[in-house]
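What follows is a short report on a single structure.
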Amino acid sequence: NAGVTQTPKFQVLKTGQSMTLQCAQDMNHNSMYWYRQDPGMGLRLIYYSASEGTTDKGEVPNGYNVSRLNKREFSLRLESAAPSQTSVYFCASSGKFAGTFIQETQYFGPGTRLLVL
Amino acid sequence: QQQVKQSPQSLIVQKGGIPIINCAYENTAFDYFPWYQQFPGKGPALLIAIRPDVSEKKEGRFTISFNKSAKQFSLHIMDSQPGDSATYFCAASRAGGGNKLTFGTGTQLKVEL
Chain A
159 NAGVTQTPKF QVLKTGQSMT LQCAQDMNHN SMYWYRQDPG MGLRLIYYSA SEGTTDKGEV
219 PNGYNVSRLN KREFSLRLES AAPSQTSVYF CASSGKFAGT FIQETQYFGP GTRLLVL
Chain B
31 QQQVKQSPQS LIVQKGGIPI INCAYENTAF DYFPWYQQFP GKGPALLIAI RPDVSEKKEG
91 RFTISFNKSA KQFSLHIMDS QPGDSATYFC AASRAGGGNK LTFGTGTQLK VEL
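So the sequence lines, in the order shown, correspond to chains A and B.
Mapping the first sequence onto the numbering used here, position 109 (from 1) lands on 267, and the numbers just tick up by one.
Mapping the second sequence onto the numbering used here, position 28 (from 1) lands on 58, and the numbers just tick up by one.
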């Protein structure tokens, strides 16, 4: 049971290049999320997917696209990377089970560190 | 617009001390308030959470105090240990909001021997 996995762990891009960050979860969770973490700004939601087949914008969606490939996988794409997208990206998932807080608890992956030159 | 304000930005305490991290929120529709702990190079992990129908929740050495009228909540770490050195984030979400968490900016805690 790996939980939430993310690939790659680290990536360097040049301005204008594109890339896709991959995320997968093996907890049979319905909801998945993409966050970015920047110093002094906490974690900010980029996109989320409440269930398979649905996606919606979060707080900072500009410059990103997402795909909920199936229940397990949720990818984040940067079509034309910019230096402002240098950040640490976290994927998370949450379930929908009965019980206090179980459905709200978000489980995070280890993160992808992205540097855009 | 920052809906969850967290302070202090950093905190240094001696082993055995009681660090306190504070958060204030604006949206009265928030009804779930978790704290996440993050170690360097790792993703955040849920530490403890509270709903506004109680004023305090305790799990081991970690306690959340909640003041609904003031729209504030805080994390207390009793008998702090060097292993508690990490970054702590408060967060909030509302029912019907798709479980979207709004995070505070984080507090970097260092517990010294």
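Don't be surprised by glycine CBs; every beta carbon is placed ideally from N, CA and C.
Query: Spatial distance of B:Gly71 from B:Phe119 (CA atoms); Result: 15 Å
Query: Residues near B:Ser40 by beta carbon distance below 6 Å, same chain, minus five either side; Result: Gln138
Query: Residue from A:Glu262, A:Leu201, A:Thr163 with nearest C-alpha to B:Thr132; Result: A:Leu201
Query: 7 Å CB neighbourhood of A:Lys215 in its chain, flanking five on each side removed; Result: Tyr205
Query: Neighbourhood of A:Pro166 by C-beta, 7 Å cutoff - its chain only, sequence neighbours within 5 removed; Result: Thr270
Query: Any non-hydrogen atom of the ligand COA closer than 7 Å to B:Pro64 Cβ; Result: No copy of the ligand COA appears in this structure; indeed no ligand is present at all.
Query: Positions along the stretch 230 to 243 of chain A whose CB lies within less than 8 Å of some CB in chain B; Result: none
Query: A:Gly211, DSSP secondary structure in three states; Result: coil
Query: Alpha-carbon to alpha-carbon, B:Thr117 and B:Phe149; Result: The structure shown does not extend to residue 149 of chain B, since chain B is modelled only from 31 through 143, so no value can be given for it.
Query: Element boundaries [beta strand (DSSP E), containing B:Ile78]; Result: 75 to 80
Query: C-beta neighbour in chain B for A:Tyr205, strict 8 Å; Result: no
Query: Helix, strand or coil at A:Pro219 [DSSP, three-state]; Result: coil
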